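Undergrad: One structure, pasted below without further comment.
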Amino acid sequence: MSSTVLYDHPGPRARSRNAVLSVAFGVGLVVLLWWVYRKFDEAGQWEGQLWQPFTEPDTWTQFIIPGLRQTLLAAATGMLLSLAFGILFAVGRLSERWWIRVPSGIVVEFFRAVPLLLMIFFIFYGVPFLIQGPVSAFWSVVVGLTLYNGSVLAEAFRAGVRSIPTGQSEAAYAVGMRKSQVMQLILVPQAARAMLPVIVSQLVVLLKDTALGYIVAFPELLQRGVNDLSANYGNVVAAAIVVAAIYILINSLITMLAGWLDRRSSRRAYRAPKQNVRDSTPADGGTVGEPQG
Amino acid sequence: MHVFADQTNLDAYVSGFLWILKLTGASTFFALVLGVLLAAFRVSPVPVLRGLGTAWVNIFRNTPLTLIIFFCYFGLFSTLGLSLSDDLNLNNYWLGVVGLSVYTAAFVCEAVRSGINTVPAGQAEAARAVGLTFFQTLRIVILPQAGRAVVAPLGSVLIALCKNATIVGTIGLIEASSVMKDLINSNGDAVIPIFLVFAGTFAALLIPTGYFFGWLANRLAVKR
Chain F
1 MSSTVLYDHP GPRARSRNAV LSVAFGVGLV VLLWWVYRKF DEAGQWEGQL WQPFTEPDTW
61 TQFIIPGLRQ TLLAAATGML LSLAFGILFA VGRLSERWWI RVPSGIVVEF FRAVPLLLMI
121 FFIFYGVPFL IQGPVSAFWS VVVGLTLYNG SVLAEAFRAG VRSIPTGQSE AAYAVGMRKS
181 QVMQLILVPQ AARAMLPVIV SQLVVLLKDT ALGYIVAFPE LLQRGVNDLS ANYGNVVAAA
241 IVVAAIYILI NSLITMLAGW LDRRSSRRAY RAPKQNVRDS TPADGGTVGE PQG
Chain L
1001 MHVFADQTNL DAYVSGFLWI LKLTGASTFF ALVLGVLLAA FRVSPVPVLR GLGTAWVNIF
1061 RNTPLTLIIF FCYFGLFSTL GLSLSDDLNL NNYWLGVVGL SVYTAAFVCE AVRSGINTVP
1121 AGQAEAARAV GLTFFQTLRI VILPQAGRAV VAPLGSVLIA LCKNATIVGT IGLIEASSVM
1181 KDLINSNGDA VIPIFLVFAG TFAALLIPTG YFFGWLANRL AVKR
């Protein structure tokens, strides 16, 4: 049992009190769930015909799986591009030349502060006016995801590089490496390993944000699995619950992977000290990471 | 800049950002209340409440906000008939606040919980050793220290919430991103200035907020 700072290990009296509270709140919770169930029932949302489409293979092969494939494709492409963007701008912000450092800083701060939807609207509706040609929904989503998540990753990388003991780069300079070699061969590989759990957690954010593609009619999981599917069967609530379950399943698996990587990397030789990582990211863009330790 | 010289466009721009601020304000309040309550559940000695808190966090943190807002409109409102206001705009606004709040509460809960976990166990042990009761321990020793540790993560949550408020545009509230979309579609010759004004407004609101919370967190940090 995990120990907590808030209360003692329960003795006999506390255990019986907890049991009573458990039963009381348990009953309350069941009543609440039953009330929700009744509300759905009154609206006829448990009718078999609304759920029956999910037993047919057509529903999956025509709507959910193609949508899921587009979602995963956009997330994978966005992740690869974000990593490249993140490494490039993290190195840029760590540069000793101000004319590289300052513009990189402006770009990263700007894209972290602009809502992703605003970026996607600009690329999808605005850029066609500029290039005199259409931009596909896929690329407007992927480019938007790349600019935002790339900037978040750039900050994570920068924190990672800065948390590496200075002895590492001093030793590298001592054996005669140039600045770019120190960055490429010594700092980035170690930062990447220390930051691997953060990178994987960011994948959850990225995967969830692909759902914004629905707004620009990109045929991803929300568009195909909920909007198009319910247009055919009239089962919005059922479809939304099934699709939400798919998102939750995938994201939980990714979160578990991140936790496993975190535990695995903590056994390795070097890792970023937790304290420094927390202190050096005062305003990480999107989410609160998994609480660690 | 001729686009914003037009009074109707200027009004649309102002009202778009007012909706964003109103969404952020109301959702911050509800998400904080709900999130702190959920965090209390997650650290409570009662297993049922711990389970409820964990389930809430895992469900809402792993579901796209777009899907939650979509469900609030097409599920709660259209299908289940939950109407929160007779005024169409206000109804969409409150549905958006519901979606943003339940989603953001999961992140607030995690921030507060990890804040409580940063307080060393020795603090509570010492408090109990000098005879403080459970609530005294919580009120005098634990929460003041935990509160300082959550300033920075809560700042990030607030900034993310303000940006996420644009998603409420999906269900027909004409907030900033929808206004920008309309202005771009009707002013194809001024795409870049329009984008820069909208993005710049967000940056001007949020970058200082980020630095403010960073400064505040440093100032309040418990030196250990």
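From first to last, the protein sequence lines stand for chains F and L. So in our numbering, spot 128 of the first sequence is number 128, and the numbers just go up one at a time. So in our numbering, spot 136 of the second sequence is number 1136, and the numbers just go up one at a time. Note that beta-carbon positions come from the ideal geometry of N, C-alpha and C, so glycine has one too. The structure presented is a predicted model; accordingly, all values stated were derived computationally and were not measured.
1. Can you tell me the Cα-Cα spacing of F:E47 and L:S1083, whole angstroms?
2. Along the chain, which unbroken stretches of the alpha helix (DSSP H) at least 4 residues long are found entirely within the region 1164-1195 of chain L?
3. Taking the beta carbon of F:E109 as the centre, do at least 16 other beta carbons fall within 10 Å, making it buried, or is it exposed?
4. So which residues on chain L does F:P115 lean against when the C-beta distance must stay under 7 Å?
5. Does DSSP classify L:K1223 as helix, strand or coil?
6. Could you tell me whether the Cβ of F:I64 comes closer than 7 Å to any Cβ of chain L?
7. Determine the extent of the alpha helix (DSSP H) in which L:W1056 is found, giving its start and end residues.
8. Pick helix, strand or coil for F:Q132, following the three-state DSSP scheme.
9. Taking the continuous alpha helix (DSSP H) assigned at L:F1069, which residues delimit it?
10. Quick one: Cα of F:G286 to Cα of F:V205, how far?
11. If you reduce the DSSP assignment to three classes, tell me which class L:A1106 lands in.
12. Are any of the Cβ atoms in chain F nearer than 7 Å to that of L:A1199?
13. Could you tell me which chain L residues have their CB closer than 9 Å to the CB of F:A192, listed as they occur along the chain?
14. Quick one: Cα of L:F1135 to Cα of F:Y7, how far?
15. What residue ranges within the region 200-257 of chain F form continuous alpha helix (DSSP H) runs of no fewer than 4 residues, ordered along the chain?
16. Let's see if you can read the secondary structure: which residues bound the alpha helix (DSSP H) around F:H9?
17. How far does the alpha helix (DSSP H) with L:V1036 in it reach, from first residue to last?
18. Determine the direct distance from the alpha carbon of F:P134 to that of L:L1037, and round the result to whole angstroms.
19. Just to confirm before moving on: does the CB-CB distance between F:V141 and F:A74 stay below 7 Å?
20. Quick one: list the residues of chain F neighbouring L:N1185, beta-carbon separation under 7 Å, in chain order.
21. Looking at C-beta atoms only, is the number of pairs between the region 1062-1076 of chain L and the region 230-250 of chain F that lie closer than 8 Å three or more?
TA: Here's the rundown:
1. In a straight line, the C-alpha of F:E47 is about 23 Å away from that of L:S1083.
2. 1176-1186
3. buried
4. K1163, T1166, S1177, F1202
5. Here L:K1223 sits in coil by DSSP.
6. It does not: the Cβ of F:I64 has no partner Cβ on chain L nearer than 7 Å.
7. Judged by DSSP secondary structure, L:W1056 falls within the alpha helix (DSSP H) whose first and last residues are 1047-1061.
8. coil
9. Here residue 1069 of chain L is Ile; the residue named in the question, Phe, does not match the sequence. Counting along the chain, the alpha helix (DSSP H) containing L:I1069 begins and ends at 1065-1070.
10. Confidence at F:G286 is low in this model, with a pLDDT of 38, below 50, so its placement is unreliable and no value can be given for it.
11. It is helical.
12. yes
13. Under the 9 Å cutoff, chain L gives no residues; its nearest Cβ is about 23 Å from F:A192.
14. 10 Å
15. The qualifying runs are 229-233.
16. For F:H9, no alpha helix (DSSP H) segment is defined, and its DSSP state is neither H nor E.
17. 1007-1042
18. 48 Å
19. Judged by their CB atoms, F:V141 and F:A74 are nearer to each other than the 7 Å cut-off.
20. Y125
21. yes
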